[in-house]
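*Asks:*
Printed below as a string of structure tokens:
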């Protein structure tokens, strides 16, 4: 697998826990990954950290670089947004021109601190719908990765978690499902962008379960085998 | 296990697919089950059908009877509501006096036909919240069973599906988790009644997946093992 045939990925908010996890997975899978942040310094530090982790894992070479969010969005084919909900709208308003014609993977979970274990979906239905409304129809917003524990993603081990992939364009969902698989998980076409509400709400349920079991819970889709 | 020590269960809308499945599971587990319907005739037919299925399975005796919804709600300790969303509010308004001081298991999924594969949660947040608002604080509304395929529930076989159990009272959730386990599944404390939105929204996602795979999908919580 060479990076020539693969889309260039940017992760905005790529210095956070989930962004770090996705960057490690995709870099290790051979993708060119741009880590975006509000300042180039923070992005550079995240890249240095990623290179160190890859070296520890014996991964020979990775194609990773640091940029500010704006430059990262311009340089990439598929852009993943992993900023907190409170920064989602402002970040997308700012980057809207750079995202036209591209795929935006929205990982935003509309948590309302301090009650993050309580489902409090926004008036618009979901963070995914907010992203699609802000960006307009020329950006294919695909919602994904809300139910994956950053802890597990950051590790190099196997992942016992499925990913619900929602978005209004089937081809865009299919592209994202490839990235889910590259990160070591199964991805499912989970419907239009409205359905992002399910995965977003489920995050608060998983936080509730994590507290009880001191764990990093995820979900799996069962019952796919017709014969069972 | 004798029925003397177990709560008496009523299933309102107990002639539908999901109600039928729950009635079979609980009757087989030794609970006294009242199948409620809008007419006694329909409830009687459901009871006759259940007895036939139990006989086929070689289950010696079950404690099942038929009643109209109102009488069923009055006679039972724990009442399960499995009517369509369009009948939820009117049914609960009518039965509100009979439900005071009891546990109401709300299985309602706020699907909006014909687009049942699209998440369209109600203004109140979830059907579970609607139930709690209508019934008031003296009824312990517990939301559960939205993600279990009726098809699998009706069968006698093992169930590869977990149940998210939401409600404002922990003791009531714990009672419902016992019933989840009696039906052959794992139940999880999934938070306050607001969190019912997660399970309700997930049903539309599972319908989406069912269409693609011609299956009856469910979910499992993963990552509970601290050591993994």
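Protein chains in written order, with the numbering used here: chain A, 7 to 234; chain B, 7 to 234.
Cβ coordinates follow ideal geometry from the N, Cα and C atoms, glycine included.
Measuring only the C-alpha atoms, how far is residue 136 of chain B from residue 66 of chain A?
*Replies:* Rounded to the nearest angstrom, the two C-alpha atoms are 56 Å apart.
*Asks:* How is residue 285 of chain A classed by DSSP in three states: helix, strand or coil?
*Replies:* Residue coverage of chain A in this structure runs from 7 to 234, which leaves residue 285 of chain A outside it and unanswerable.
*Asks:* Can you look up residue 186 of chain B in the DSSP assignment and give me helix, strand or coil?
*Replies:* Residue 186 of chain B falls in the helix class under three-state DSSP.
*Asks:* Determine the extent of the beta strand (DSSP E) in which residue 192 of chain A is found, giving its start and end residues.
*Replies:* 192-195 is the span of the beta strand (DSSP E), which, as asked, contains residue 192 of chain A.
*Asks:* Residues of chain A with CB closer than 8 Å to the CB of residue 228 of chain B, please, in chain order.
*Replies:* 166, 167, 223, 224, 225, 226
*Asks:* Taking 9 Å as the cut-off, decide whether the C-beta atoms of residue 194 of chain A and residue 28 of chain A are in contact.
*Replies:* no
*Asks:* What's the call for residue 11 of chain B, buried or exposed, on a 16-neighbour Cβ count within 10 Å?
*Replies:* exposed
*Asks:* Which same chain residues end up closer than 6 Å to residue 114 of chain A when comparing Cβ atoms and leaving out the 5 residues on each side of it in sequence?
*Replies:* 91, 94, 133
*Asks:* Among A:50, A:61, A:84, whose alpha-carbon lies nearest the alpha-carbon of residue 13 of chain A?
*Replies:* A:84
*Asks:* Which residues, taken in chain order from the segment 205-219 of chain A, show a beta carbon closer than 7 Å to some beta carbon of chain B?
*Replies:* 207, 208, 210, 211, 214, 215, 218, 219
*Asks:* Looking at the unbroken beta strand (DSSP E) that takes in residue 18 of chain B, where does it start and where does it end?
*Replies:* 15-18
*Asks:* Mark residue 38 of chain B as exposed unless 16 or more other C-beta atoms lie within 10 angstroms of its C-beta, in which case mark it buried.
*Replies:* buried
*Asks:* Is it a yes or a no for the segment 194-209 of chain B touching the segment 124-132 of chain B, going by three-plus beta-carbon pairs under 8 Å?
*Replies:* yes
*Asks:* Residue 33 of chain B and residue 82 of chain B - do their beta-carbons sit closer together than 9 Å?
*Replies:* no
*Asks:* Would you report the Cα separation of residue 179 of chain B and residue 148 of chain B, rounded to the nearest angstrom?
*Replies:* 6 Å
*Asks:* What is the rounded straight-line gap between the Cα of residue 129 of chain A and the Cα of residue 221 of chain A?
*Replies:* 31 Å
*Asks:* What is the DSSP secondary structure of residue 23 of chain B, reduced to helix, strand or coil?
*Replies:* helix
*Asks:* Mind listing which residues of the segment 187-205 of chain A have their C-beta closer than 7 Å to chain B's C-betas, in chain order?
*Replies:* 194, 195, 196, 197, 198, 200, 201, 203, 204
*Asks:* Relative to the C-alpha of residue 228 of chain B, which candidate in B:210, B:43, B:167 has its C-alpha closest?
*Replies:* B:167
*Asks:* Assign residue 88 of chain B to one of three DSSP states: helix, strand, or coil.
*Replies:* In the displayed model, residue 88 of chain B falls within coil according to three-state DSSP, outside both helix and strand.
*Asks:* Say whether chain A places a C-beta atom closer than 9 Å to the C-beta of residue 155 of chain B.
*Replies:* yes
*Asks:* Leaving aside the five residues before and after residue 186 of chain B along the sequence, list all residues of the same chain whose C-beta is less than 8 Å from its C-beta, in chain order.
*Replies:* 150, 151, 169, 171, 192, 193
*Asks:* How big is the Cα-Cα spacing for residue 225 of chain A and residue 153 of chain A?
*Replies:* 7 Å
*Asks:* Report the neighbours of residue 123 of chain A on chain B: residues whose CB is nearer than 7 Å to its CB, in chain order.
*Replies:* 197
*Asks:* Considering only their Cβ atoms, is the gap separating residue 131 of chain A from residue 200 of chain A smaller than 9 Å?
*Replies:* yes
*Asks:* Candidates B:78, B:64, B:30, B:61: which alpha carbon is nearest residue 45 of chain B's?
*Replies:* B:78
*Asks:* Quick check: is the beta carbon of residue 127 of chain B nearer than 9 Å to any beta carbon in chain A?
*Replies:* yes
*Asks:* What are the start and end residues of the alpha helix (DSSP H) that includes residue 139 of chain B?
*Replies:* Counting along the chain, the unbroken alpha helix (DSSP H) around residue 139 of chain B starts and ends at 133-141.
*Asks:* Quick one: measure Cβ to Cβ for residue 211 of chain A and residue 197 of chain B, integer angstroms, because I've assumed they're closer than 8 Å.
*Replies:* 6 Å
*Asks:* Reducing DSSP to helix, strand and coil, say where residue 47 of chain A ends up.
*Replies:* helix
*Asks:* Hey, residue 87 of chain B and residue 56 of chain B: beta-carbon distance below 9 Å or not?
*Replies:* no
*Asks:* Using the C-alpha atoms, what's the distance from residue 47 of chain A back to residue 156 of chain A?
*Replies:* 22 Å
*Asks:* For the segment 17-37 of chain A, which residues have a CB atom closer than 9 Å to at least one CB atom of chain B, in sequence order?
*Replies:* none
*Asks:* Please determine, among A:118, A:190, A:121, A:98, the residue with the shortest C-alpha to C-alpha distance to residue 76 of chain A.
*Replies:* A:98
*Asks:* With DSSP run on the structure shown, which of helix, strand or coil describes residue 61 of chain A?
*Replies:* helix
*Asks:* Would you say residue 162 of chain B faces chain A, with C-beta separation under 9 Å as the test?
*Replies:* no
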